[in-house]
Every structure is written in C-alpha cells, then in structure tokens.
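Residue numbers (mature numbering (1 follows the signal peptide of the UniProt record, and there is no 0)): -22 to -1, 1 to 639.
We put the beta carbon where it would ideally sit given N, CA and C, even for glycine.
Scroll down for the structure; my scribbles are underneath it.
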Amino acid sequence: MKRRFIVVAATALSLAIAGVVAPVTAPATVAAAPRDVGIWYATWYSKVTPPPLTWRTGFGGSSANQFAADVSGDGKADAVTFTAGSWDVATSTGTSFNTPANWRTGHGAGSTSQLLADVNGDGKADAIAFFTTDVSGDSLAGDWYVATSTGTSFNSYSLWKSGLAGGANRVLSADVTGDGKADALGVYAATGQWVAAGSTGTSFGALSTWATGHGAGATDFFVADLNGDKRADSVVYASGTWTRAYSTGTSFASPATLTSGHGVGSAFRFLQDGNADGFAEPYAHFNADLALPSADGLAGDVVAREYDRGSGYVDSGNTLLNSGFGLNAGRLFMAATSGDAYGWQDFIAFYPNAAGGTWQVQRYRAADKVSIDTWNGFAGKPAIKYQPLTLGSYQQYDSGNTAVIDEHISTISDAQIDWLLLDETNGLNNVSGAILNRAARVAGRLSVWNAAPANRDLKYAFAIGGIQWTNDPVTIETEARQTWNEFANNSVYGDDYYQLGGKPLLVVYTNKANQAAWQAYTGDKSASNRFTVRFASSDPNATAGEYGWQLPSTGTVDNPNVMVAMPGWNNHISGYTPVSRDKGSYYTTKVWDVILDRSPLPNAVVINSFNEFAEDTGVQVADTSQLASTSEKWFNAANVLQPDLYWNLTVDYIDEYKNAP
C-alpha cells in the first residue's frame, strides 16, 4: 500500500525555521529490480568575497619599471619594481601587498629592458635584464643577464646569452619550446623577424630564427599559449587586428588572423590566459565607458574576446569583464595576484603619482555580478531568497566549496539517488567558465567519494543548452565535443560519468523546433554520437520521454522509460505560468503518486531539481521564510513552514520506487 502524505513525520525541529534540520535518509535496501533515479544539480552559485581595491601605497612611485608576477612561488603574483639595478618586491597576501623589500641591487643598471619570467622552471619568476648593446665584452650585441629567484630574493646575476636580439624592437620571455622553462625572444618590427634561444635552465641556448615577415609594422607583440599545447605562440597587434602564429616547438608556423576589430583606441592590450582555461585570449583596456551592453557611467573598461573550448575559436563578440577600473593608470597588468580558487587572473593598476605609488586590484570579470554572488540575482531574475541548510546552518553557498559539495554528495547518495544531472544549460563556457569550473569540482569530488569502498556510488551526467541561444544544431555537436574531451573521456573522472544504453548520457535543453532541427541535421555528429542524447524542454512543458524541464500544471507525463518529478516551478519570466507547489499537494498527488501508480513502473525517474532555487524547483532542505511570494514558501498541509518538507517527501518516495515489487 503506497503512502499518501503531505506532512512528513518529523520532530519539532523540522517544523521550525530556527532549528537545524537533519535530512531524513532512506534505509540501505536493495531494490527488487534496478530502477535509476537522477536529479538535476545546479553548479552556478558563486559566493565570492571580492578583493579590496587598494593593495599598497607608497611603493614604486619613482621606479623605472613595474611588474606583477609570482616571484615567491606561492601561486600568487607579487608587485615588483625596478630602478637603476635595484629590484624591490612586495609579496602578495591574496588581499594586499606586503611591505616592500629589496631583493637585489646592481642587476641591470643601464639595461634596455627588464623582464620577469620563470627561466629555470622552478615555479618562481626570475629577474631578467636585457642590454641591446654589447656589455659583456665579447663583441656580440644583445646581452641577457638573469638573477634567479630563491623565493625570498634574487640570486646574483649571470650572463645567460650574448648576441641575441641586439637592436630588436621588443624582447620577450616565454616558454615557446614547451619544456616548462621560459625562453628568450627578440622581435624586429620592421621585418617581422622573430629570433629565439631556448632555456637550458642555466642559460639560453643556440640562437635561431623562428619567423620572418610576421608582424612587420605591428605595434604590439605577445607570446602566450593559444591552443593549449603548453607552447607559447606568437601574436602581433595592429589597428584592431590580432594575428597569430602557432609554435611548433622549434619555429612559428604560418600566420593567420586570431581576431579583428578588437582593441582600437585601447590604452593597454594583453594576451593571457585570464580565466585559466588553458588558452590565452586577447584583452583590451579602455580609458572610456563603453556601451557593452550599455554605458554604466564608469570609465575604465576591460573587454575580452574569450576562447570557446568547444568550437576551438576565439569568440567574435566582445565581453565586458571589468568596468570603472584602471582609469588613466600608469601601468595595467593581468596576473593571478589574489590566488583565485580557479586560477582567474586579476587586473592590477599602478598609479605612480598617487600617494608615492598606489597599486589597485580588481577581480577578473568583476563587471558580471553573477561571477561574484549569483544569489543576488542575474539577468532577468530577482535575488534568490532561499537559505539552504548548509554545513549546519541555513545559509547561501558557493557551488565550488568542497565541504558543501561533499555534504551534498553524501545527502544525495544516502537518498538512493544514482546520478546527478549537472545543469550547464546556459552554455558550457558561460560566465568565463565559472559554472563549468564548479561542475569540474563536483566531478572531482564524486571521484573521491566513489573511490571509498564504504560509499554508495553516485555518478554524474551533463545537461547542455547553448543551442537555445544560437538556434544552430552545430552547437550541440560543439558542446558534445567539449563534454567528451573534458569530462566523459577524461581519465581524471570519466569513470564516474553516468551511462545509458552503453554510452554516456547527454541531455540537451532546447525547444521542440531545435530538437527537430538537430534530428534532421545531416552534418558531422561524430561527437554527439559518442553519447546517448536525450532532451529537456520548456515550450511550454516537458513531453513524454524527456528529462525535464518543467512539468505542466496537470502533473508528470507518462512514459515507460523516464518520468520527471518536479515539486513546482516559477522561472520569474513574463509569459510563463508558474506551477504552484500547493503545500506539497502537487508533488505528491500529481507527480509521485502518478509515477508509483504506473504499471509497470518507469525505468527511471528524473527529479527536477536538488538546488535550482532561481526557478523555484529545488528540494534541498531550505528556509523559505524570506521569499516574497507566500505561494512559493514551503508550507505543509498544516500551513506550517517546513524546510525539510520536499526533501523528506523525495527520500520516502524514492524508497518506495526503488523497492516496489
């Protein structure tokens, strides 16, 4: 006899918002027949404390050159200045620069250029002084002197190379050979000739020409890894056009356009892996307030052309990362000075004439509040007022917090749920990869969990949905390729990817028209064919055999293979009619009772969702007292707020589903 209930048997604590509620877990039983349960899981919650603006004053105001690089080897970039052979360092604490200290004197006095790069591959940036003339006395112009870093100082300098790049317009240092050590390069702007000498770890080796005619007449020259092969590539900039030449390890290949129409009128330009996705991207800083997407009254904008790992190309559109920062700065840098958990680089502005040298820092993508605190709401959505039960109290969390992930994994596994459907439907690389970074963290913690023999295995799969913005079937293939490469076929956690029909499951969220377009698409499907592809939609409601998204007000949709369980829904978008939770009645009578009354039971149930609070469809234990709408607060049949109502119902109904005859 199936149970029919609205008020879950509970202690007084489970009926009071003020108390901490321990979720009810199902007993460890074995189902008579295998029945899979999946649950959508959101990884988009950012809860980050931005770094303070000013990190150091009174440092470097009269210096000749300034840098931001990790000279201490702790993973955080430090502030460094150079003046007349004196190198001074203010190490990063993650929220400020420490009191400056002198790390070396007499190194590079009279030099033409100074650089910081890790030339010996020990993880610490070293001090390089380049002289375009012959100062070593060997009659070879172009001398490179290096003082390696100890982590607390620079060692005595020594000559690493002579006769390299004498008379060059630009000298650079980066790992173009791919051996983990930064090499020495020189560029002659008039001819576009690039020369290089690879680092041996104690010197720069034989000189060779790596390119000719690459960047003749260009105004900026860069070296950074564009294609993720661990070799720095060469890029030149001129009048908004960025032209790249990939490194082969011994030369630069034929040039090709990286992107165009980007950076005209900018004050500073960079080519760096700002979002730590393994691919360098072009950035431009403007002493202006750009209309992206509209002017905000704050001058000092950073614009990116970010790399799309699925398509393999730099996006053609501009992304505003930072606004109101670095206006009229003397120098601007990109470096990971705050030690961001995902390796995102910060923007560092240096003002030589402010308080004897002022250093300011702003987090990468600070203009996008979603990357800082998703709970405050995002485009078209109000602030999220749910307070989930997290680590012993009702509080909002960051989806990348390892302790939170581990708690969720344990709770979900104990409920006899078999797999998580990670919600990446707004685009895999959306918000500079912030959501995907957290998904990767979840996949990694699942691997740790599943490796412990005492734990009940919990798998994961991906739900993608970039096609909802492009309306192009190729987008499914693009996202399938990235999902396969980075997750389903990744040796780190590919074994934990959920399989359906002998292949990893990939759920595509899109409307019916796009579903039909993809099914009729006759182009390359080699990536998506590696998956068992299923759909989820919301136009207006999920239909039979889909894995979500919202159900109609009439309840779940019958299907022998999969049925969706949803407690209610409100996406807060005009034109969509919310589905009321109705004090638990919708979830019980129109969803789970229908599922359990089906004969035979469906092969799978997909619950929508554990923690989707932006669209009011989560079941995670949560305080809903702050919600604006009374109809969305979690009242039980006795009209009492019950934070664990939907989780207790979920656990009990899963137990019935798993163990029904």
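| Query | Result |
| --- | --- |
| Residue burial classification, Tyr291 (beta-carbon count within 10 angstroms, cutoff 16) | exposed |
| Of the listed residues Asn98, Phe440, Trp462 and Gly144, nearest to Asp116 (C-alpha basis) | Gly144 |
| The region 351 to 364 contacting the region 309 to 319, beta-carbon criterion three pairs below 8 Å | no |
| Endpoints, beta strand (DSSP E) assigned at Gly176 | Gln171 to Ser177 |
| For Ala417, the three-state DSSP class (helix, strand or coil) | helix |
| Alpha carbon of Trp18 to alpha carbon of Arg341, nearest angstrom | 30 Å |
| Distance between Asn428 and Val154 (C-alpha atoms, nearest Å) | 39 Å |
| Residue range of the unbroken alpha helix (DSSP H) whose run includes Ser388 | Thr380 to Asp392 |
| Unbroken stretches of the alpha helix (DSSP H), 4 residues or longer, contained in the region 565 to 621 | 571 to 575 |
| Under 8 Å between C-beta atoms of Tyr476 and Ala505 | no |
| Sequence-distant residues of the same chain with beta carbon closer than 6 Å to Ser531, five excluded per side | Val557 |
| Reference residue 663, options Ser388, Ser349 and Lys636, closest by Cα | With the chain covering only -22 through 639, there is no way to say anything about residue 663. |
| Span separating the alpha-carbon of Pro12 from that of Ala495 | 34 Å |
| Between the CA atoms of Ser229 and Asn537 - distance to the nearest angstrom | 59 Å |
| Host beta strand (DSSP E) of Tyr329 (start-end) | Asp324 to Tyr329 |
| Under the three-state DSSP convention, the category Gln92 falls into | strand |
| For Ile442, the first and last residue of its enclosing alpha helix (DSSP H) | Careful: Ile442 lies outside any alpha helix (DSSP H), inside the beta strand (DSSP E) at Lys437 to Ile442. |
| Validate contact between the region 343 to 350 and the region 574 to 591 using beta carbons, cut 8 Å, 3 pairs | no |
| From Ser425, Gly317, Val452 and Asn415, residue whose alpha carbon lies closest to that of Thr500 | Val452 |
| Supposed close pair Tyr23, Asp376 - CB separation, criterion 8 Å | 6 Å |
| Cβ separation of Thr126 and Asp157, assumed to be a contact under 8 Å, to the nearest whole Å | The pair is not a contact, with the Cβ atoms about 16 Å apart (cut-off 8 Å). |
| Bounding residues of the alpha helix (DSSP H) (the contiguous stretch that carries Ala162) | It is not in any alpha helix (DSSP H) - Ala162 instead sits in the beta strand (DSSP E) that spans Asp161 to Tyr166. |
| Exposed unless 16 or more other CB atoms sit within 10 angstroms - verdict on Lys363 | buried |
| Contact set for Thr628: own chain, Cβ-Cβ below 7 Å, skip 5 residues either direction | Ala393, Ile585 and Val597 |
| According to DSSP, residues forming a beta bridge with His263 | Phe246 and Val280 |
| Where Trp22 sits in the DSSP three-state scheme | coil |
| Separation of Thr73 from Asp203, as counted between CA atoms | 28 Å |
| Sequence-distant residues of its chain with Cβ nearer than 6 Å to Gly302 (five each side left out) | Leu276 and Gly278 |
| Residue ranges of each beta strand (DSSP E) within the region 280 to 364, 3 or longer | 297 to 300, 309 to 313, 324 to 329 and 336 to 340 |
| Per DSSP, cross-strand counterpart(s) of Lys481 | Leu478 |
| Proximity below 8 Å, CB of Ile442 to CB of Thr380 | no |
| Collapsed DSSP secondary structure at Val15 in the structure displayed | strand |
| Extent of the continuous alpha helix (DSSP H) to which Glu524 belongs | Per DSSP, Glu524 belongs to no alpha helix (DSSP H) and is neither H nor E. |
| Proximal residues to Gly38 (C-beta, below 6 Å), its chain only, five neighbours per side dropped | Gln44, Thr59 and Gly335 |
| Cβ shell of Ala314 (< 8 Å), same chain only, five flanking positions each side left out | Asp48, Gly53, Lys54, Ala55, Ala254, Gly321, Trp322, Gln323 and Asp324 |
| C-alpha gap between Ala327 and Leu31, whole angstroms | 10 Å |
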